[in-house]
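Q: I am attaching a structure below and will ask some questions about it afterwards.
Residue numbers (the UniProt record's numbering), protein chains in the order written: chain A, 1 to 276; chain B, 1 to 276.
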């Protein structure tokens, strides 16, 4: 009997490959090529333009580490914006913070939301929560027209190709700064230091020009290139390394801990060098 | 023109795949199947029984993190034993510590040493150093006949299949304890928490029965399963988390830093749970 294996070439010369039980859905949306598959190792997985976005087995790492690091850094986050993130995983984590009164999600591709609800219900389940407002639209434009509105902004985008290309520009970070309140913080996924060192350096440089506090942290995501994923923080006032112990409250997580909150910023030497 | 890709199935249903420029050597040795290949992404790579052992591009992570964590924890390491590690990478890092007067390497497979010298010269180059004694032999037996001899022992083995199966037993850890001096420390590679959680838990349990201080730390190794690799420390007196700032000295590294020495022990929640 033949076997179906999906291979993502993470670089021209290296990739991961996974055995597929069943392809659940494939569709060329208005913005990208969407695939949903049931894999043996990782459960259901979402691919956009051939790249792994999330899997049922390891999704908790990315979603927890995007959400909790900035949310615990801010002293009282009430209004949160998620740009991208149509699978709903970041929103699910955001809602674990009782201070958050409203979380707005703006994803350009309604199909990502639709098929995540269908095939990744434990990830997307909180998109229906009454504290959440889902908008299908352009995150860049949403940011551009927002002013002094959000406490925390999270950029949960694809790579800087296709629909996300505007989300890796200095103009976008300037827009984020304007959209944030005076104690605001943003976080953006920033790819990986092994294959995309230049991108990480460029984002660090650009964000530093706009935010007085700029930091980089990492987490281990097995289905993402190199297994080490980077996140950039830009903050107007609060330093993620200076969070007091009393700020933390108990939260149900599988990856994030308050100790890891700080340790995640301690970088391997070759990664630290990219931030200097 | 056809392309040659090597695929390592890291689990039954998941693997990494890499484009090969050229196969440099393949041989069934007395102990394992050895392959050396020149890859596009990672440079020259050594495979044993189909598993990636090391690559020129990412080898520094494993070798630095095996060597420097125990060596900086011990106040004055003079005599060091490396079990396995025939590629010479751990030895190269050990020699960066001026206190080390003698480093003994015992690898069961002389062919690993021979072909590492030939195809991984910047990894194996220090095997000829006058402070190094290379023995081709059984590390388990070497440990069994050693008493109160070493300050630090490093177990740089393959997985617990094939020749390394004895190196994951309680009897082996008891032997290590006897072979160490009274301030002795050992470290062993312990696979990864995503696919081998049971193994990590078992090693933690076994080592705790013998060593008063037992710790787990991790590092990101892109060519190893899941990208997160675990290392177990067993120590008679010195705690790797209690190293004073004055103990550290400058050392030329690409991954290890004195800050990372401590941060590497701060584990994601699901990994921490394996140690309790």
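Just so you know, even glycine gets a beta-carbon here, dropped at the ideal spot from N, CA and C.
Taking 8 Å as the threshold (C-beta atoms), are residue 150(B) and residue 171(B) in contact?
A: Not a contact, by the Cβ cut-off of 8 Å.
Q: With DSSP collapsed to three states, give me the class of residue 238(B).
A: Of the three classes helix, strand and coil, the one that applies to residue 238(B) here is coil, per DSSP.
Q: What residue range is occupied by the uninterrupted alpha helix (DSSP H) comprising residue 247(A)?
A: Element bounds for residue 247(A): n/a, residue is neither H nor E.
Q: Suppose the cutoff is 8 Å on Cβ atoms and the five residues either side in sequence are ignored; what does the same chain contact list for residue 255(A) look like?
A: So the list reads 60, 61, 64, 65, 219, once near-sequence residues are dropped.
Q: Which one or two residues does DSSP pair with residue 43(B) in a beta bridge?
A: Paired residue(s): 39(B).
Q: If you drop the 5 nearest sequence neighbours on each side, which residues of the same chain put their C-beta closer than 7 Å to that of residue 134(A)?
A: Result list for residue 134(A): 105, 113, 127, in chain order.
Q: In the region 207-240 of chain B, which residues sit with their C-beta less than 7 Å from some C-beta in chain A, listed in chain order?
A: So the list reads 220, 222, 226, 227, 228, given in the order they occur along the chain.
Q: Please state whether DSSP places residue 205(A) in a helix, a strand or coil.
A: Residue 205(A) falls in the helix class under three-state DSSP.
Q: Please classify residue 282(A): does DSSP put it in a helix, a strand, or coil?
A: Past the boundaries of the shown model lies residue 282(A); chain A is included only from 1 to 276, so the question cannot be answered.
Q: Count the other CB atoms, across all protein chains shown, that sit within 10 Å of the CB of residue 92(B); report buried if there are 16 or more and exposed otherwise.
A: Residue 92(B) should be labelled buried.
Q: What are the residues of the region 80-95 of chain B that lie near chain A, defined by any Cβ-Cβ distance shorter than 7 Å?
A: Residues: none.
Q: For residue 168(B), which residues from the same chain have a beta carbon less than 6 Å from its beta carbon, with the 5 sequence-adjacent residues on both sides left out?
A: Excluding residues within five positions, the ones whose Cβ falls inside 6 Å are 160.
Q: Just grab the DSSP bridge partners of residue 220(B) for me.
A: Answer is 228(B).
Q: Any beta carbon from chain B within less than 8 Å of residue 16(A)'s own beta carbon?
A: With 8 Å as the cut-off, residue 16(A) counts as an interface residue toward chain B.
Q: Starting from residue 243(A), find everything on chain B with Cβ-Cβ shorter than 7 Å and list it in chain order.
A: Correct list: empty, because the minimum Cβ distance to chain B is about 15 Å.
Q: Contact criterion: CB-CB distance below 8 Å. Does residue 11(B) meet it with respect to chain A?
A: Yes, because at least one Cβ of chain A sits closer than 8 Å to the Cβ of residue 11(B).
Q: If you follow the beta strand (DSSP E) that residue 53(A) is in, where does it begin and where does it stop?
A: First-last of the beta strand (DSSP E) with residue 53(A): 51-55.
Q: Going along the chain, which residues of its own chain have a beta-carbon closer than 8 Å to the beta-carbon of residue 164(A), five neighbours each way excluded?
A: 84, 157, 158.
Q: Around the Cβ of residue 51(A), are there at least 16 other Cβ atoms within 10 angstroms (buried) or fewer (exposed)?
A: Buried is the call here.
Q: Per DSSP, what kind of secondary structure is residue 103(A) in: helix, strand or coil?
A: Reduced to three states, the DSSP call for residue 103(A) is strand.
Q: Given a threshold of 16 other Cβ atoms within 10 Å of its Cβ, counted over all protein chains shown, does residue 235(A) qualify as buried or as exposed?
A: When all chains shown are included, residue 235(A) counts as buried.
Q: Closer than 8 Å, CB to CB, is residue 165(B) near chain A or not?
A: Not closer than 8 Å to any Cβ of chain A, the Cβ of residue 165(B) fails to qualify, so no.
Q: Could you check where the alpha helix (DSSP H) with residue 211(B) kicks off and where it finishes?
A: First-last for residue 211(B): undefined, no H or E at that position.
Q: Do you know offhand how far residue 228(A)'s Cα is from residue 259(A)'s?
A: Distance between the alpha carbons of residue 228(A) and residue 259(A): 19 Å.
Q: Ends of the beta strand (DSSP E) at residue 154(B)?
A: From DSSP, the beta strand (DSSP E) with residue 154(B) extends over 150-156.
Q: To the nearest angstrom, report how far apart residue 200(A) and residue 179(B) are at their CA atoms.
A: Going from the Cα of residue 200(A) to the Cα of residue 179(B) covers about 46 Å.
Q: Check whether the Cβ of residue 256(A) lies closer than 8 Å to any Cβ atom in chain B.
A: It does; some Cβ of chain B falls within 8 Å.
Q: Around the Cβ of residue 226(B), are there at least 16 other Cβ atoms within 10 angstroms (buried) or fewer (exposed)?
A: Its Cβ being crowded by 16 or more others within 10 Å, residue 226(B) is buried.
Q: Consult DSSP for residue 267(A) and reduce its assignment to one of helix, strand or coil.
A: Coil at residue 267(A), not helix or strand.
Q: Report the three-state DSSP secondary structure of residue 25(B) (helix, strand or coil).
A: Here residue 25(B) sits in strand by DSSP.
Q: Could you work out which residue in 49(B), 266(B), 152(B) is closest to residue 30(B) when comparing CA atoms only?
A: Of 49(B), 266(B), 152(B), the residue nearest in Cα terms is 49(B).
Q: Pull up the distance between the alpha-carbon of residue 116(A) and that of residue 87(A), whole angstroms please.
A: Using only the alpha carbons, I get a separation of about 5 Å.
Q: Could you confirm whether any beta carbon from chain B is found closer than 8 Å to the beta carbon of residue 19(A)?
A: With 8 Å as the cut-off, residue 19(A) counts as an interface residue toward chain B.
Q: For residue 24(A), which of 4(A), 17(A), 191(A), 82(A) has the nearest alpha-carbon?
A: It is 4(A) whose Cα lies nearest to the Cα of residue 24(A).
Q: With a threshold of 7 Å on Cβ separation, who are the neighbours of residue 144(A) within its own chain once the five nearest residues in sequence on each side are excluded?
A: The residues are 175.
Q: Taking 8 Å as the CB-CB limit, is residue 7(B) close to chain A?
A: So, interface residue.
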